[in-house]
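S.K.: Let me begin by handing over the structure; questions about it come next.
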Amino acid sequence: MMKLKRCPGCLKNGFETYCGKCRKKLFDGKNVSHILSFNRPEFNRVKRERSGRLSISGIQIKHSLKLEGKDLKLTERGGEYILKPIPSGQFENLDAVPANEHLTMQIAGQVFKINTASNGIVFFSDGETAYITRRFDVKKDGKRLLQEDFAQIADRSEDANGINYKYDFSYEEIANLMMQYVASYKIEIEKYFKIVLFNFLFSNGDAHLKNFSLYRNDEYGDYLLTPFYDLLNTSIHTPGESELALNLFKDDFMSQDYESTSKYSIEDFKEFGSRIGISQDRTELLINEMKKEQAQVFKLIDSSFLTDELKIKYKKNYEERTVRLKATSNKSVENKPTND
Ligand SMILES: [Zn+2]
34 MMKLKRCPGC LKNGFETYCG KCRKKLFDGK NVSHILSFNR PEFNRVKRER
84 SGRLSISGIQ IKHSLKLEGK DLKLTERGGE YILKPIPSGQ FENLDAVPAN
134 EHLTMQIAGQ VFKINTASNG IVFFSDGETA YITRRFDVKK DGKRLLQEDF
184 AQIADRSEDA NGINYKYDFS YEEIANLMMQ YVASYKIEIE KYFKIVLFNF
234 LFSNGDAHLK NFSLYRNDEY GDYLLTPFYD LLNTSIHTPG ESELALNLFK
284 DDFMSQDYES TSKYSIEDFK EFGSRIGISQ DRTELLINEM KKEQAQVFKL
334 IDSSFLTDEL KIKYKKNYEE RTVRLKATSN KSVENKPTND
């Protein structure tokens, strides 16, 4: 087995297995090996998600794991972890899906302080990588958190709304539903704005309705956003897909930038912020915070389990998107000669 040289959880240098912090977060401090005792399971009995749209989530296989003593074991019921091996299908660079999801989740959590499900890289006994995440809906006493994803909250299903029910919706409408159900909307909506912006910045083009959920807070009975999950840079695998999984707006609003380039820019996100009730100052602050952490992002990309080639690609995608969040006050687009 190759030398890890960094923690397969937080990617911190100088470790050959999970560091103490990651062991605590993932395994309640138990000394669990980063190498599983089994090889990738045959998955003919696992149901894949159906979707008309070709997407990474549509080909990802999920296995349930349970911690028994210090061993992670496959389980049919009572799963505490979700294991996602390398998927197979038509897309590009699929070997890198676990490393990509892991890196993207780590950037969200570590750099941008976005509340994310605990996660790490594990290896099957033959050395193949997989992504592991701890189920946040399983409580210490083994009971399940009451949670619903936004397909359920919006009352959308394949039967009623067709095969693309997870995608035929907008991020603005999700915010509208939050306004209806979330008492501490003012706080939660900024977290939501941040993740939509994050998904744009890190080319996550597959953040569909089921990738956002609310849970009921036991103490007060109110509803809050669950930690975020399933974050990955999909452009590495499905180049040419749309920039965001859902439309930003519920109507056909387009910023001038979008009208001329068909690409989202800072103007769209400012409009989005204002529509979902975030003040202009706060919106600008949130956008600026998201733009300024390049050095830390690059450091994590460099320590990730991506190949060198894909590290370069990941950085390039990220830089391209960052540029689009630059202010366009000089309206340079308008001054360019047009072809028509
Ligand atoms: Zn760690």
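So in our numbering the end of the sequence shown lands on 373, straight run, no missing numbers.
Backbone N, C-alpha and C define an ideal beta-carbon position, used for all residues, glycine too.
Treat the numbers as computed from the prediction; the structure is a model and nothing was measured.
Pull up the distance between the alpha-carbon of S151 and that of Q185, whole angstroms please.
M.R.: In a straight line, the C-alpha of S151 is about 24 Å away from that of Q185.
S.K.: Does the beta carbon of C52 sit closer than 8 Å to a beta carbon anywhere in chain C?
M.R.: Of the chains in the structure shown, none is chain C; there is only one protein chain.
S.K.: So, with DSSP's three-state summary, where would you put R39?
M.R.: It is a strand residue.
S.K.: Take G112 as the anchor and find which of E125, K95 and D128 has the nearest alpha-carbon.
M.R.: Cα-wise, what sits closest to G112 is K95.
S.K.: How big is the Cα-Cα spacing for K146 and R357?
M.R.: In a straight line, the C-alpha of K146 is about 22 Å away from that of R357.
S.K.: Assuming contact is defined by CB atoms lying nearer than 8 Å, are K103 and V65 in contact in what I supplied?
M.R.: Taking 8 Å as the Cβ cut-off, K103 and V65 qualify as a contacting pair.
S.K.: On the DSSP letters alone, give me the boundaries of the beta strand (DSSP E) that R249 sits inside.
M.R.: Start and end: S246 to R249.
S.K.: Assuming K303 contacts T316 (C-beta within less than 8 Å), just tell me the rounded distance between them.
M.R.: So it is a contact: roughly 6 Å between Cβ atoms.
S.K.: Could you please give me the residues that DSSP links to Q180 through a beta bridge?
M.R.: Beta-bridge pairing links Q180 to Y248.
S.K.: Quick one: what's got a C-beta closer than 7 Å to K359's C-beta in the same chain, skipping five residues either side?
M.R.: Within the same chain, K359 has close Cβ partners I299.
S.K.: So, using beta-carbon positions, are L116 and L127 closer together than 8 Å?
M.R.: No, these two residues do not count as a Cβ contact at 8 Å.
S.K.: What are the boundary residues of the beta strand (DSSP E) that includes P118?
M.R.: Unbroken beta strand (DSSP E) run through P118: Y114 to P118.
S.K.: What is the DSSP secondary structure of Y164, counted as helix, strand or coil?
M.R.: Strand at Y164.
S.K.: Taking the alpha-carbon positions, what's the V215 to E221 distance?
M.R.: Each residue's Cα considered, the two are about 8 Å apart.
S.K.: What span of residues does the beta strand (DSSP E) with V155 cover, start to end?
M.R.: Start and end: N152 to F156.
S.K.: For ligand 1, I want to know if K54 counts as a neighbour, meaning its beta carbon is within less than 7 Å of at least one of the ligand's heavy atoms.
M.R.: Because some heavy atom of ligand 1 lies under 7 Å away, the Cβ of K54 counts as near it: yes.
S.K.: Using the beta-carbon count (16 or more within 10 Å), is L279 buried or exposed?
M.R.: Looking at its Cβ environment, which holds 16 or more other Cβ atoms inside 10 Å, L279 is buried.
S.K.: Is G42 close to ligand 1? I mean its beta-carbon at under 7 Å from any heavy atom of the ligand.
M.R.: True, at least one ligand heavy atom lies under 7 Å from that Cβ.
S.K.: Mind checking whether the beta-carbon of K45 lies closer than 7 Å to any heavy atom of ligand 1?
M.R.: Checking the Cβ of K45 against ligand 1 gives yes.
S.K.: For ligand 1, is there any heavy atom lying closer than 7 Å to the beta carbon of Y164?
M.R.: Not so, every heavy atom of ligand 1 lies at least 7 Å from the Cβ.
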